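**Q** Sending over a structure as structure tokens; questions will come in a sec.
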Amino acid sequence: MMSGMVWLWLAVTALSVFVEAATWVLVSVWFAAGALCATFAAYAGASLTVQLLLFVGVSIAACLAVRPLARRFVATRVVPTNADRILGRQAKVTEAIDNAAATGAVYADGKTWTARSADGRVIPAGELVEVERMEGVKLIVRQRAAVPA
């Protein structure tokens, strides 16, 4: 007949596996391994102290041994796009930028982009602007400060 501690450790194992399956962020699988070892210890008649030490020790060891490897396979990689390289760069206004009229275009990085002013000012064609950010396929630009002569 199994003792109450065996059932408790089996419940901890099942709960840890359930949480891990629900989240997939590698937060509880370590506890499942530790609880499984504590289950075997409880079944073998080990004291509560031995069971707890096994649970903690195996959980920590599993985390230290497997997490770096698992993170390498689970980690998402950010892939920059070609559009990212124009942020902070200079562009030339090819169509006057007027946010109220929803007009404006700039030429940057060999392409013509729809543009809007970051501060709401109207920017005439021919001006140089700096690309602040992107919103969808629109560039949000700021007029460059005039260089003193």
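According to the numbering used here, the sequence shown holds residues 2 to 150 in order. Quick reminder that beta carbons are idealized off the backbone N, C-alpha and C, glycines included. Being a predicted model, the structure only gives us computed values, none of them experimental.
(1) Helix, strand or coil for Glu-136, going by three-state DSSP, please let me know.
(2) So what does DSSP say about Ser-118, is it helix, strand or coil?
(3) Quickly, what does DSSP pair Ile-141 with across the bridge? List them, please.
(4) Pull up the distance between the alpha-carbon of Gly-111 and that of Glu-131, whole angstroms please.
(5) Whole angstroms are fine: how far does the CA of Thr-104 sit from the CA of Val-94?
(6) Buried or exposed: where does Phe-32 fall if 16 or more other Cβ atoms within 10 Å of its Cβ makes it buried?
(7) Quick one: what does DSSP say Ala-97 is sitting in, helix, strand or coil?
**A** According to the structure shown:
(1) In the displayed model, Glu-136 falls within a strand according to three-state DSSP.
(2) Here Ser-118 sits in strand by DSSP.
(3) For Ile-141, which the question treats as bridged, DSSP gives the partners Arg-117 and Arg-134.
(4) Whole-angstrom Cα-Cα distance: 15 angstroms.
(5) Separation of Val-94 and Thr-104 (C-alpha to C-alpha, rounded to the nearest whole angstrom) is 11 angstroms.
(6) The residue is buried, with at least 16 neighbouring Cβ atoms inside 10 Å.
(7) The answer is strand: DSSP assigns Ala-97 an E or B state.
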